[in-house]
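I have placed the structure first, in the form of structure tokens, so that the comments after it can refer back to it.
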Amino acid sequence: MTTLPPSLSPCHSQTTCASLLQELQIIWDEIGESDGERDKMLLELEQECLDIYRRKVEMTRKYKADLHHSLAQSESEIANLVSALGEHSLSFSRGKGTLKQQISAVRPVLEDLRSKKEQRMKDFTETQSQIIRICAEIAGNSQDIMSADPQVNEHDLTIKKLGELKSHLQELQNEKIIRLQKVNSHINMIHELSVLMSFDFLKTVSGIHPGLIDTPNGQSKSISNDTLAKLTGIIHSLQQEKQKRLQKLQSLGSILMELWNLLDSPADERKKFEHVTSLISSSIDEVSRQGCLGLDVIEQVEVHVERLNVLKASKMKELVFKRQNELEEIYRGVHMDVNSDAARQLLINLIESGDVDLSNLLSSMDDEITKAKQEALSRKDILDKVEKWKHASEEEKWLDDYEKDENRYTAGRGVHKNLKRAEKARILVGKLPAIVETLTAKVKAWELEKGIPFLYDKISLLNKLEEYTVLRQEREEEKRRSREQKRLQEQFAAEQEALFGSRPKKPLGQTNTMVGTPIGRRVSTPSSRHGVSSLKERRESGRVNNVIPLNFVALPKDDSVSRGI
């Protein structure tokens, strides 16, 4: 229990009051106050003292209530802060003691929680501010970023809630990075396309959004949906323009190549437009040279094409006859019939009449040349085999002449070479029937496929082959009869020798060639010009007389001949 100070103790108060009353009695006596007045004044003094005590007690009671209220508020605030901050692990107890002691125990906890709340509010505000800023950038409402005031829910400041906000912020930051990458990629693509087609890159990009170009004030690039959509649209339109210009230059380049080939333009002139002709076979992704698709390039090529077209019109007649020469060379190269004079006269009439477009005429002649090349290609295999047949026939003719030469084994220059050639010729001649048979089969297959006869220098190749086959058979028959007659002759000579003891001599100037055997008969080949009509005459003149002449005189022969070797 609190003790009163000595000045306020009852004994001290009573002594002081008695002293004061005594002094007051003396004053009243000097004044001459009546007893009634004196009693009245004493009553007033007593009432005033009670009022003072009563006020003091009331004030003290109110102060106690305030302390209770303050303690309750602190406890309530602590509870709210713990709930808002999620600090449920915090253990708090007011403890025991006076109200002031309890308040002193509560105050540090409350201040710590308030400090945590203030720091937590800063974290929430900063996180939400960044979220609002990025969302505004994505939405394209950059003007609302400065006026944005993040609303923080003070009743939910938990670590979990802050983590959710930071996670959302991280997602937005990642999306911002992706959008920035897309924006930069689109800008780079626009720059590449602008360089290719000589566009004003800065003007094109700044027209979409000023923030897309690096500015000195550090303004960030726009990453809004609208900006991305506009960039995509610009890229699409530029790519279409690129495709259009590339196709234009490819078409002009092809026309240039055609005109150069028609006019036999020099290499120096062609080299000036290599940057255009190189685009003919290029895909749209392979075109990357700066300014190669600019309008100035297209206009330059168009002017050159127009100039070449003027030259083409003046030289078209010469080009037409050049094409005709090429066509005739192809036909002659494969032994096809072509009426050059009639074709040239027809071309002259067409050109002089003016009723035909020379470009269309050249185009049709190019088609004819293409068809002629295809026709020549279809005849190539047969013509190769015809050459083999001709070569084998020539070797057969040479071999016949060689074997009729009685001095072929006489020593002299070239004998060794002739022997080797004869050996090879015999092998080749042995293959002639197979060569002719294969060639005939191929010609028949070709004619069956094409529906027309295979002409070789205006003559049917099948007729030539048939004539050759007949004549060769006749020749082989003549050789057989010649060998038989020679055998009979040698037999007759042997009999004469047995009868007369000596071999008959040949008349001077007479050779071993049988009388009546045709000398110099030739087999028809593609190089000959006579047909099957001469076959009967050859048959009549080629008959051999098998009767031995009466004036035959046998010349001496060596033993090997007499034995029929």
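Residue numbers (UniProt numbering): 1 to 565.
Note that the Cβ used here is the ideal one computed from N, Cα and C, for glycine as well.
Distance between histidine 88 and isoleucine 159 (C-alpha atoms, nearest Å): Working through the sequence shown from its first residue, we reach residue 159 at position 159. Working through the sequence shown from its first residue, we reach residue 88 at position 88. Taking the straight line from one Cα to the other gives about 12 angstroms.
Under 8 angstroms between C-beta atoms of lysine 242 and leucine 196: Numbered from its first residue, the sequence shown carries residue 242 at position 242. Numbered from its first residue, the sequence shown carries residue 196 at position 196. Yes, Cβ-Cβ distance for lysine 242 and leucine 196 is below 8 angstroms.
Residue closest to lysine 322, alpha-carbon to alpha-carbon, out of Ala343, Glu154, Arg120: Reading the sequence shown from its first residue, position 322 is the one you call residue 322. When only C-alpha atoms are compared, the closest one is Ala343.
Validate contact between the region 287-304 and the region 239-258 using beta carbons, cut 8 angstroms, 3 pairs: yes
Length at least 4, wholly inside the region 171-253: the alpha helix (DSSP H) runs in chain order: 201-206
Local Cβ density within 10 Å of cysteine 49, reported as buried at 16 or more and exposed below that: If you number the sequence shown from 1, residue 49 lands on position 49. Looking at its Cβ environment, which holds fewer than 16 other Cβ atoms inside 10 Å, cysteine 49 is exposed.
Leucine 212 to aspartate 357 span [Cα, whole Å]: To locate residue 212, count along the sequence shown from 1; it is residue 212. To locate residue 357, count along the sequence shown from 1; it is residue 357. Rounded to the nearest angstrom, the two C-alpha atoms are 56 angstroms apart.
Whether arginine 120 touches leucine 157 by CB criterion (8 angstroms): Sequence index remark: in the sequence shown, residue 120 carries index 120 (1-based). Sequence index remark: in the sequence shown, residue 157 carries index 157 (1-based). Yes, they are a contact pair.
Aspartate 112 to isoleucine 52 span [Cα, whole Å]: Residue 112 sits at position 112 when you count from the first residue of the sequence shown. Residue 52 sits at position 52 when you count from the first residue of the sequence shown. Distance between the alpha carbons of aspartate 112 and isoleucine 52: 42 angstroms.
Isoleucine 351 vs valine 320 beta-carbon contact at 8 angstroms: Translated into positions along the sequence shown, residue 351 becomes position 351. Translated into positions along the sequence shown, residue 320 becomes position 320. A contact, by the Cβ cut-off of 8 angstroms.
Any 3 or more C-beta pairs closer than 8 angstroms across the region 461-480 and the region 434-448: yes
Backbone CA spacing between glutamine 345 and glutamine 324 [nearest angstrom]: Your numbering for residue 345 matches position 345 in the sequence shown. Your numbering for residue 324 matches position 324 in the sequence shown. Approximately 11 angstroms, taken between the alpha carbons.
As assigned by DSSP and simplified to three states, the class of valine 515: Locating residue 515 in the sequence shown gives position 515, where the first residue counts as 1. Low per-residue confidence applies at valine 515: pLDDT is 34, beneath 50, and the placement is therefore not dependable, though the value from the model is reported in the following sentence. Three-state result, valine 515: coil.
Leucine 252 vs valine 305 beta-carbon contact at 8 angstroms: Looking up residue 252 in the sequence shown gives position 252. Looking up residue 305 in the sequence shown gives position 305. Result yes, Cβ atoms of leucine 252 and valine 305 sit closer than 8 angstroms.
Exposed unless 16 or more other CB atoms sit within 10 angstroms - verdict on serine 393: Here residue 393 refers to the residue found at position 393 of the sequence shown. With 16 or more Cβ atoms within 10 Å of its Cβ, serine 393 is classed as buried.
Exposure of isoleucine 284, with buried meaning 16 or more beta-carbon neighbours within 10 Å: On the sequence shown, residue 284 is found 284 positions in, with the first residue counted as 1. The residue in question, isoleucine 284, is exposed, as its Cβ has fewer than 16 Cβ neighbours within 10 Å.
Buried or exposed (CB count within 10 angstroms, at least 16 for buried), glutamate 329: Locating residue 329 in the sequence shown gives position 329, where the first residue counts as 1. It is exposed - the Cβ of glutamate 329 has fewer than 16 other Cβ atoms within 10 Å.
For serine 460, the residue or residues it bridges with in DSSP: Locating residue 460 in the sequence shown gives position 460, where the first residue counts as 1. Answer by DSSP bridge pairing, in chain order: Leu455.
Assigned secondary structure, isoleucine 52 (DSSP; H/G/I helix, E/B strand, else coil): Sequence index remark: in the sequence shown, residue 52 carries index 52 (1-based). Helix at isoleucine 52.
Proximity winner among Leu202, Ser129, Asn153, relative to leucine 169 (alpha-carbon distances): By one-based count along the sequence shown, residue 169 stands at place 169. Of the listed residues, the one whose Cα sits closest to leucine 169 is Ser129.
Cβ-heavy atom distance, glycine 97 to the ligand SAH, below 7 angstroms: Of the ligands one can find in the structure shown there are none, so the ligand SAH has no counterpart to examine.
Contact check, isoleucine 223 vs leucine 172, beta carbons under 8 angstroms: Here residue 223 corresponds to residue number 223 of the sequence shown, with the count starting at 1. Here residue 172 corresponds to residue number 172 of the sequence shown, with the count starting at 1. Cβ atoms of isoleucine 223 and leucine 172: not closer than 8 angstroms.
Terminal residues of the alpha helix (DSSP H) in which proline 433 lies: For this step, residue 433 is matched to residue 433 along the sequence shown. It spans 432-450 - the alpha helix (DSSP H) in which proline 433 sits, taken as one unbroken run.
Distance, aspartate 341 Cα to asparagine 349 Cα: Taking the first residue of the sequence shown as 1, we reach residue 349 at position 349. Taking the first residue of the sequence shown as 1, we reach residue 341 at position 341. Between asparagine 349 and aspartate 341, the C-alpha separation is close to 12 angstroms.
Candidates Ile138, Glu118, Asn184: closest to asparagine 153 by CA position: Reading the sequence shown from its first residue, position 153 is the one you call residue 153. The candidate whose alpha carbon is nearest that of asparagine 153 is Glu118.
Three or more C-beta pairs below 8 angstroms linking the region 249-265 and the region 275-293: yes
Contact belief for aspartate 123 with leucine 162 at Cβ below 8 angstroms, rounded distance in angstroms: Taking the first residue of the sequence shown as position 1, residue 123 is located at position 123. Taking the first residue of the sequence shown as position 1, residue 162 is located at position 162. Indeed they touch by this definition, with Cβ atoms about 6 angstroms apart.
contact_flag[the region 227-241, the region 263-277] where n(CB pairs < 8 angstroms) is 3 or more: no
Per-residue burial, methionine 102 [other beta carbons within 10 Å of its own, 16 or more giving buried]: Position 102 of the sequence shown, counting from 1, holds the residue named residue 102. It is glutamine, not methionine, that sits at residue 102 in the sequence shown. Buried: at least 16 other Cβ atoms inside 10 Å.
Start-to-end residues for the alpha helix (DSSP H) that takes in isoleucine 284: Sequence index remark: in the sequence shown, residue 284 carries index 284 (1-based). Note, isoleucine 284: premise wrong, no alpha helix (DSSP H); not H, not E.
Sub-8 angstroms separation of lysine 116 and leucine 85 beta-carbons: Indexing the sequence shown from 1 puts residue 116 at position 116. Indexing the sequence shown from 1 puts residue 85 at position 85. Cβ atoms of lysine 116 and leucine 85: closer than 8 angstroms.
Start and end residues, alpha helix (DSSP H) containing glutamate 395: Against the sequence shown, residue 395 aligns to sequence position 395. Here the alpha helix (DSSP H) through glutamate 395 covers 358-404.
Chain-order list of residues whose beta-carbon lies under 8 angstroms from that of serine 194 (same chain, five-residue window excluded): As a position in the sequence shown, residue 194 is number 194, starting the count at 1. The residues are Asp200, Phe201, Thr204, Leu238.
Delimiting residues of the alpha helix (DSSP H) encompassing serine 265: In the sequence shown, counting from the first residue as 1, residue 265 sits at position 265. From DSSP, serine 265 is part of no alpha helix (DSSP H); its letter is neither H nor E.
Bounding residues of the alpha helix (DSSP H) (the contiguous stretch that carries phenylalanine 273): Translated into positions along the sequence shown, residue 273 becomes position 273. Neither: phenylalanine 273 is in no alpha helix (DSSP H) and is coded neither H nor E.
Limits of the unbroken alpha helix (DSSP H) element including lysine 122: Sequence index remark: in the sequence shown, residue 122 carries index 122 (1-based). From DSSP, the alpha helix (DSSP H) with lysine 122 extends over 99-139.
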